[in-house]
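Visitor:
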Amino acid sequence: MSEHILTAHDLDVSEGQIPRENWFESSETLSKLRKSKKFPTIWCSGCGIGIVMGALIRAIDHLGIKNDEVALVAGIGCTARMPVYMDFNTLHTTHGRALAFATGLKIARPDMHVIAIMGDGDALAIGGNHFIHTARRNLDITAIVVNNAIYGMTGGQYSPTTPLDKRATTAPYGNIEPPFPVCELAIAAGATYVARSTVYHALELDKFLAEAIAKDGFSLVEAMSYCHTTYGRLNKFGKATDMMRSLKDNTITKTAYDKLPPEERASNTKFVRGMFCNIDRLPYTSQYDKVIARAQGGAQ
Amino acid sequence: MSEHILTAHDLDVSEGQIPRENWFESSETLSKLRKSKKFPTIWCSGCGIGIVMGALIRAIDHLGIKNDEVALVAGIGCTARMPVYMDFNTLHTTHGRALAFATGLKIARPDMHVIAIMGDGDALAIGGNHFIHTARRNLDITAIVVNNAIYGMTGGQYSPTTPLDKRATTAPYGNIEPPFPVCELAIAAGATYVARSTVYHALELDKFLAEAIAKDGFSLVEAMSYCHTTYGRLNKFGKATDMMRSLKDNTITKTAYDKLPPEERASNTKFVRGMFCNIDRLPYTSQYDKVIARAQGGAQ
Amino acid sequence: MIEATTVEQPNIANSPTAQPARKGPRGQVIIYAKWCKGCQICVEFCPMGVLAFAQDLDRAVVVAAEKCTACHFCDTHCPDLAIVVKRFD
Amino acid sequence: MIEATTVEQPNIANSPTAQPARKGPRGQVIIYAKWCKGCQICVEFCPMGVLAFAQDLDRAVVVAAEKCTACHFCDTHCPDLAIVVKRFD
Amino acid sequence: MTAKTDTDRTEIRLAGEGGQGMILAGIVLAEAAAIYDNKNAVQTQSYGPEARGGASKAEVIIANGEIDHPEVIAADVLIALSQEACDKYAANVKPDGLLIVDEDQVERLPNRPVIRVPVSKLALDTTGKAITANTVALGVLVGLTGIVSRQAIEKAIMARAPKGTEEMNRKALEAGFTAIERLAH
Amino acid sequence: MTAKTDTDRTEIRLAGEGGQGMILAGIVLAEAAAIYDNKNAVQTQSYGPEARGGASKAEVIIANGEIDHPEVIAADVLIALSQEACDKYAANVKPDGLLIVDEDQVERLPNRPVIRVPVSKLALDTTGKAITANTVALGVLVGLTGIVSRQAIEKAIMARAPKGTEEMNRKALEAGFTAIERLAH
Amino acid sequence: MTIKLMQGNEAIGMGAIAAGCRFYAGYPITPSTEVAEILSRELPKLGGKFIQMEDEIASMAAIIGARVGGLKSMTATSGPGFSLMQENLGYAAMAEIPCVIVNVQRLGPSTGQPTAASQGDVMQARWGTHGDHPMIALTPVTVRQSFDLTVKAFNLSEKFRTPVILLTDEIIGHMREPVKLPAFETIHPYEQVVADTPESYKAFRNEPGDVPPMAPFGRGYRYHITGLFHDEVGFPTQRLDEIDPWLERVNHKFDRHLDEIIMVESDFQEGAKTAIVTYGATARSARHALKIARQRGLKVSMLTLLTIWPFPETQVESLGDQVDRIIVPEMNLGQLALEVERMVGRRKVKRVNRANGEMVTPQMILDAIEG
Amino acid sequence: MTIKLMQGNEAIGMGAIAAGCRFYAGYPITPSTEVAEILSRELPKLGGKFIQMEDEIASMAAIIGARVGGLKSMTATSGPGFSLMQENLGYAAMAEIPCVIVNVQRLGPSTGQPTAASQGDVMQARWGTHGDHPMIALTPVTVRQSFDLTVKAFNLSEKFRTPVILLTDEIIGHMREPVKLPAFETIHPYEQVVADTPESYKAFRNEPGDVPPMAPFGRGYRYHITGLFHDEVGFPTQRLDEIDPWLERVNHKFDRHLDEIIMVESDFQEGAKTAIVTYGATARSARHALKIARQRGLKVSMLTLLTIWPFPETQVESLGDQVDRIIVPEMNLGQLALEVERMVGRRKVKRVNRANGEMVTPQMILDAIEG
Ligand SMILES: Cc1ncc(C[n+]2csc(CCOP(=O)(O)OP(=O)(O)O)c2C)c(N)n1
Ligand SMILES: Cc1ncc(C[n+]2csc(CCOP(=O)(O)OP(=O)(O)O)c2C)c(N)n1
Ligand code: SF4
Ligand code: SF4
Ligand code: SF4
Ligand code: SF4
């Protein structure tokens, strides 16, 4: 069937027809990928991490930031493999520590846009402390948490975002640990911009990411993107497309949520999408400029 | 002068007059101290940590809990030296890790009252991750944070609770890092009982501590108690008594705070004292009983 | 779950279903076969049924090019950046 | 700083100043000299002036035992648990 | 036919793409040998860097006595279900060893005797499920080498087959056996 | 009088309670030697487990040449301002060394020659501030041993004295010197 | 029990259960994760507890906490996690808390190659935490030994009140072999007995060679445990007369029990002037090479170390006296070889190393034997 | 500069400034805290940055991040913190990020005795992180050397793209000595030069013996840095043909530069049959003992190691050839002595150990010399 269709429309282009080099030129997004890198990515077929990557590139592109001005910092995990595919300054660090490395980098280079890309385990299990401290200090870093509700890379152990009662390889009888409310935690810790969306709402992600990167202060974007390979399989949630549909169906916008009567709010089980916080506080590096001024002014 | 007074009233008793053993019997509180331990404590003259210790003993006493049922777990710091003086099961661990040790202990012995005693650095700098995760999992542990706004033990470096602009030995030009709102962070992370008071309001501490220990779930009591030796000295805040007075003068009860008009609330600079959260959630160990039941029921 | 803040909810720029199909294709859909992993996200969610899954090739193919409205759902949601949609202007 | 919760503010059980002095001592203040570090918290905050600081001994002493109302400020605030107040019943 | 190393053992490598179940096939083969055929067996595996998917391979050493070194030194048998697998491991097959490839997946062949079997096509044709290719592969392997008995491999497969898939797997195994018989003619 | 070790050095220990400033006194003594008297000096210290307070001691080694081992091996001089300090370190004073104690703080004395000076009382009497006891102690020490010149110790003290306390410290030092002169009579 | 094809990691999980482990805390990491997965399933069946902590630091802390509460406990990890556990591992040594730490070695340094094998953490197992401390590390060669040495690890840890490291590797951990486990009832785990009354009990009594038993919390023995130097009842001390006896006792804990702790397998050949000293997965390559060498008429002896720390000094030294040459094959750049060199002299030692994630091949060892 | 009475820790802070350090991240810990305190005051005066991180893990991460951003960077800690830094220390080795880690050793294990001195982290400095990796550790004996070796540490770390450990101890760190520092203008710190264009630049080019310079981020050289095994441009790889050259280059980085890296001070005496090998604070006790011994007419040589890792193999071996006996005094239970034994044979080595927080006394060493 398909061969026929191919010929009929001449629209579906296989590698033979578009040289690799040309493909990278066929969109702004693709042009920011690393031509030297092997594609497709290492992610499972249908994994939403790649969708977040697309959104991130579009956000950076939208802001008109030069590739050289961007530093991507990641820890370890499926999500953390994202930076290597993009033509920025990319630093793949140790599990959980992306924000701590990013802190050093940002202080050394306040002019650069430093973006940390983390899985939920990376950001919130082993990396939880750096997460709250980087927010508190208000480093002008954009933290992206791809929340796939599980540890993907290591094969499906429960994470601090696995919903209650769901199964994981280390929760064969169902998870009993309540998940973190990631956005609320970030707000309590001091983040200046906090938003959440899903990979189904990819263009919303574009927008939140662009706002987050533009923000002068610590910003967090939580991107829901279920790991169908582990979380989905262990909980019989179906294929990537089924889980994508559940992201579509099981979220509610913050605007809609805010309009709900209190009882319904309390019983709401959908994920709330939207921007939850956008406040102004002088970022760490600007504060530090004052320290330097005081030190050099001789005041002690 | 004083020798004369002593003789006149025969009320001020020096060691010669009360044998050490008898002194331990002169109050319920004293009777829970370790007779085998060298007193007075290692803390500076006037340090509020001892006041928290008194409050803790009274709270335990008030609840009628037997000494043997109490386990005190501490990290490292001035505050963390507290357990050794009390006649309970006492575990002095590594810096920042009290709650992680306490988690293992509580799961092994759900029947015991496990109380973690931490300085602000211990609990929230190096220990921040365990703090939020223990709250999230809702281990039925009582966390006491003695917030002295600095690292006392190591001599006065800034901590995640040092107020903005204040000096510390590592902030000679004033601290530029905003302090954590400790109670809010605990609430966002999932604590079921959260309260704050000060060592000036010692009896309020008694009450909060008793409620916290009685609570079936993760509870936090933040006890404000400035370190006059380092924080006070570096910022010229005066003696222990001066700082005690500032705790009296610079706090406001939650009830009073809640009644303030919004503008005044926004500009309020006083510490709010009170209980901020008291919700019911099944604690981790009870949840785990269900896992055992499921496992033993053969359901998988 | 999340407390109210003072900030407004952003608009979602492009709701895929919000754009009704007009006559003739509005865009050209290009799939880079070598990168497509056959996840079928584009196939399942293209509101116009432009795409289909070719079992034998284990990847997506364009089956109804003329229906494409250039809504960009497919290229913004392809996890492998294996689709580009070019809007005809 | 802290958002409202549904829980009520606890009452403070014993406000030290809330208890007016009556005639004669209501309690006995005992200071265990060996443990007192002379921080003067009890001295400074005793609402009745029962205690004083003895510079030469570098510790607190009782100077006005008869004024003690047994408000328990001193023994609950002594950081060294060096005071016990016994209420006369 | 199965050449012996100096310490008398048969070394088998099963390689393909992640998700093709070659590691499971290796485990089943080892179980057939060790549990149902009273031999000794050691099974090892390796994955590519991909989270899921990517190249993967299983190795099975079968012997009557002790098995020391647990990995293939030079393969007596290689079954390769993907081009990458063939490219990577063909050179390590002993000169008198067996190289079996899926004829529809492996186009570039090394310059040596190769047994070409349409493994995945057989799977699809027989059971309608591509994922039974590994069972077909086991049929081919056992049919060709006799390294374990047919009963043993069948028992081992049945013991691992998820409920309800027994029949499908039996058919797939049969298809493997038959393919060899056809080859043999 | 100050006995020499095998490698020609004078070993001085200053001990008291934390907060008495004995460590600072040690530093000042070492500075007097090294900066103002053109000698060599090494200063070390130790604290008790107490956060603040508790036992504390400083050690100063003064020599004309190199100083290798930086700690007191056997003290030529010990000045002890507390009972604990005396108890702990008196035994380590050389037989022909000097043991100086604050006569009001140290009651139990070892069975050996001891020089008793009312150091803290002198401080209080002279300056009204107990914290100047360490300066008085330096006066006593230097007055007795001449291990550094009086000018050097004065300069060293002045360099370290917080603004506004110079006069007080000078008086305290003087008080130390004078106490010795009285002793000498 | 029947014959089962079992992975080394699975055998470790089973060994823990058999040894009486009733608490596991860990953080997933390749290639150790199966240990956690198995215990998350098996422990609750026995009323035991499994928890996945927020990181490896917390995992190590939690197992210590649980043991203080009276449950035998274990964690499993690999290189990066093992590095993070070092501080609290030292705590366990200092406070003498029994516990078992499994390190399934993968290729390092850093993230390295998570799915590749290595013996790169051999020296770290001994020296990874700061300060001097005693340490036991066991290295299984087979799946069955993964079970047996796990049981042994628990027993040694209880008997000597010390953390014990089961130092295995990706090969042995993921390899499947047929094994028949002993019936668990036939296994009699070591159980500490606290004979003292709470009044006479001294948790850290310093009688040389004596390891005082550890009373669990909440059973009437209220005492203090600390990572500071402490006296016999556990109170912090700076007094040398209290510290010195502690150092004496704890750092020489194993001295009089080395035959119980040190396990080796000797395969000596009369007249051999070459010997192999080996451990872990590499021992399998070495055995393979040994058989071939002997087939070829070469005389070679072999010493397989199942205990690498404390290092089997006597055994290696006396082997050194018998042969002219000792080959030490390792999946690292030469770590345990340093100890062998120390015992027998550098000139006698021939290192065979591979540190790229692949096994040392029998051929490499054969070349060394023949070369 | 004039003569000042200065602590070792202060000299380290000054050395860092002189060497061009412009970023410090740390977490306070006795007895290292003065280093942080001094740099929190001094760095901003020069436009440099100081940050106190939430823990030592983050501190180690931050200094790597800052160096990737182009600032020379340092952290300082002591045992417990050093244990926590191990994972990211391995990352720095793997990713070849220059940085300096100061460990002011205190008595361990665990919390131990925070204010007491020790040389207990000597082996940890070499083996604390998982996996094989190169490592440099320098051990100053005087306050002035604390300054000089800090400068040297930065220079070596830049030149060889490697973390360098300044392994000092509580004695040297807190001791005050008169020093006269050189004018900072006279110090010419090593600066990397990136000669390649962004197009031809390969951050991890594997030319044997060659250490490719590290381009800072944001200067046109967009590349990838990872803790996984990687190819020449920094992309993760599992290919042995890419890993092996990396192993070859990185693990032999120092080999051809040992005379630059290894610093020792020899004090050989004609005809001496006894020698002392020493480092750090203990070297001072050893010198004291040596002088007395020589006064008494005994012939003794001495080798003071200012570099302990890589271990000065040649120097110690040739010393071993000259003497019958080597005394190794250490404030630990015998750590570097293991290496000395390895080089010269166990029978020649006499260890003198003290691990209770007190210095080894000259008398203990004299006894060993005379005994
Ligand atoms: C210190 C350390 N511990 C554990 C691991 C193993 N590990 C790698 S990724 C990962 C978690 C993956 O989950 P997440 O961060 O949510 O990312 P995902 O793979 O789901 O994108 C773990 C536990 C590690 N690499 N380092
Ligand atoms: C891993 C580690 N890092 C650092 C230290 C040093 N240290 C001991 S206590 C302390 C902080 C003390 O502050 P806090 O926890 O607030 O307690 P406080 O002394 O003020 O009561 C620090 C940094 C340590 N012991 N261990
Ligand atoms: S394992 Fe899950 S998170 Fe990882 S690539 Fe696959 S689908 Fe994505
Ligand atoms: S240093 Fe501060 S916190 Fe510590 S005991 Fe003294 S006053 Fe208390
Ligand atoms: S842009 Fe894509 S999703 Fe939208 S109509 Fe065209 S083919 Fe379908
Ligand atoms: S979304 Fe992309 S990868 Fe998935 S089927 Fe469509 S083109 Fe292929």
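Chains as they are written, first to last, in my numbering: chain R, 43 to 342; chain Y, 43 to 342; chain E, 33 to 121; chain X, 33 to 121; chain F, 1013 to 1197; chain H, 1013 to 1197; chain B, 3 to 373; chain V, 3 to 373. Glycine included, each C-beta is placed from N, C-alpha and C at the ideal position.
(1) Residues in its own chain within less than 7 Å of F/Val1154 by CB, not counting five upstream and five downstream?
(2) In the segment 230-274 of chain B, which residue ranges form an unbroken beta strand (DSSP E) of at least 3 residues, counting only runs that do not cross its ends?
(3) Apply the 10 Å Cβ neighbour rule to V/Gly15 and answer buried if 16 or more other Cβ atoms are within range, or exposed otherwise.
(4) Can a CB atom of chain V be found closer than 8 Å to the CB of R/Phe173?
(5) What residues from chain B crowd round R/Tyr200, counting only those whose CB sits closer than 7 Å?
(6) Thinking C-beta only, is H/Glu1119 closer than 8 Å to H/Gln1095?
(7) Name the chain H residues whose beta carbon is nearer than 9 Å to that of V/Ile5?
(8) For a contact meaning CB atoms closer than 7 Å, what does F/Glu1043 contact in chain B?
(9) Short check: CB of B/Leu91 to CB of B/Ile103, under 8 Å?
(10) Using a C-beta to C-beta distance shorter than 7 Å, which residues of chain B count as neighbours of F/Glu1083?
(11) Give every residue of the same chain whose Cβ lies closer than 6 Å to the Cβ of B/Phe72, excluding the five residues on either side of it in the sequence, and list them in chain order.
(12) Distance, Cα to Cα, X/Thr108 vs Y/Ser288?
(13) Do the segment 1084-1104 of chain H and the segment 296-311 of chain V touch if we need at least three Cβ pairs shorter than 8 Å?
(14) Using only the alpha-carbon positions, how far apart do V/Met177 and H/Ile1035 sit?
(15) Does the Cβ of Y/Arg123 have 16 or more other Cβ atoms within 10 Å, making it buried, or fewer, making it exposed?
(16) Using a Cβ-Cβ distance under 8 Å, would X/Lys99 count as near chain Y?
(17) Tell me whether V/Val70 is buried or exposed, calling it buried when 16 or more other Cβ atoms sit within 10 Å of its Cβ.
(18) According to a CB-to-CB cut-off of less than 9 Å, which residues of the segment 100-122 of chain B neighbour chain F?
(19) Reducing DSSP to helix, strand and coil, say where E/Cys110 ends up.
(20) Go to Y/Thr196, then tell me how far its alpha helix (DSSP H) extends in each direction, as first and last residue.
(21) So B/Tyr93 is in the alpha helix (DSSP H); what residue range does that whole segment cover?
(22) Does V/Trp311 come out as helix, strand or coil in the three-state DSSP assignment?
(23) Can you pull the chain B neighbours of R/Thr136, defined as C-beta to C-beta under 8 Å?
(24) Output yes or no for whether 8 Å exceeds the beta carbon distance between R/Thr203 and R/Asn189.
(25) Just to make sure I have the definition right: I need the residues of chain R whose C-beta is within less than 8 Å of the C-beta of V/Val302. Which are they?
Guide: In brief:
(1) For the purposes of this step, residue 1154 of chain F is taken as residue 142 along the fifth sequence, with counting starting at 1. Hits under 7 Å: Val1160, Arg1162, Ile1165.
(2) 266-269
(3) For this step, residue 15 of chain V is matched to residue 13 along the eighth sequence. Looking at its Cβ environment, which holds 16 or more other Cβ atoms inside 10 Å, V/Gly15 is buried.
(4) For the purposes of this step, residue 173 of chain R is taken as residue 131 along the first sequence, with counting starting at 1. No - not a single Cβ of chain V is within 8 Å of the one on R/Phe173.
(5) Walking along the first sequence from the start, residue 200 of chain R turns up at place 158. Within 7 Å Cβ-Cβ: Gln54.
(6) Within the sixth sequence, the letter at position 83 stands for residue 1095 of chain H. Within the sixth sequence, the letter at position 107 stands for residue 1119 of chain H. Against a cut-off of 8 Å, the Cβ pair of H/Glu1119 and H/Gln1095 comes out as a contact.
(7) Counting from 1 along the eighth sequence, the entry for residue 5 of chain V is found at position 3. Correct list: Ala1046, Ile1047.
(8) As a first step, residue 1043 of chain F must be located in the fifth sequence, where it is residue number 31. Those are Leu7, listed as they occur along chain B.
(9) Along the seventh sequence, read from residue 1 onward, the residue named residue 91 of chain B stands at position 89. Along the seventh sequence, read from residue 1 onward, the residue named residue 103 of chain B stands at position 101. Yes, Cβ-Cβ distance for B/Leu91 and B/Ile103 is below 8 Å.
(10) Counted from its first residue, the fifth sequence places residue 1083 of chain F at position 71. The answer, in chain order, is Met361.
(11) Counting from 1 along the seventh sequence, the entry for residue 72 of chain B is found at position 70. Checking the sequence, you will find Gly at residue 72 of chain B rather than Phe. The answer, listed in chain order, is Pro218.
(12) Translated into positions along the fourth sequence, residue 108 of chain X becomes position 76. Translated into positions along the second sequence, residue 288 of chain Y becomes position 246. Near 18 Å, if we compare the C-alpha coordinates of Y/Ser288 and X/Thr108.
(13) no
(14) As a position in the eighth sequence, residue 177 of chain V is number 175, starting the count at 1. As a position in the sixth sequence, residue 1035 of chain H is number 23, starting the count at 1. In a straight line, the C-alpha of V/Met177 is about 12 Å away from that of H/Ile1035.
(15) What you label residue 123 of chain Y is simply residue 81 of the second sequence in a count that begins at 1. Classification of Y/Arg123: buried, given that the 10 Å Cβ count is 16 or more.
(16) Against the fourth sequence, residue 99 of chain X aligns to sequence position 67. It does not: the Cβ of X/Lys99 has no partner Cβ on chain Y nearer than 8 Å.
(17) In the eighth sequence, counting from the first residue as 1, residue 70 of chain V sits at position 68. V/Val70 is buried by the Cβ-count criterion.
(18) Gln115, Pro116, Thr117, Ala118
(19) Within the third sequence, the letter at position 78 stands for residue 110 of chain E. If DSSP states are grouped into helix, strand and coil, E/Cys110 belongs with coil.
(20) What you label residue 196 of chain Y is simply residue 154 of the second sequence in a count that begins at 1. Careful: Y/Thr196 lies outside any alpha helix (DSSP H) and carries neither H nor E.
(21) Counted from its first residue, the seventh sequence places residue 93 of chain B at position 91. Note, B/Tyr93: alpha helix (DSSP H), 81-97.
(22) In the eighth sequence, the residue the question calls residue 311 of chain V occupies position 309. If DSSP states are grouped into helix, strand and coil, V/Trp311 belongs with the strands.
(23) As a working mapping, residue 136 of chain R is identified with position 94 in the first sequence. The answer, in chain order, is Pro82, Ser112, Thr113.
(24) The sequence position of residue 203 of chain R within the first sequence is 161, counting from 1. The sequence position of residue 189 of chain R within the first sequence is 147, counting from 1. Contact: yes.
(25) Counted from its first residue, the eighth sequence places residue 302 of chain V at position 300. Those within 8 Å of V/Val302 in chain R number zero; the least Cβ separation is about 47 Å.
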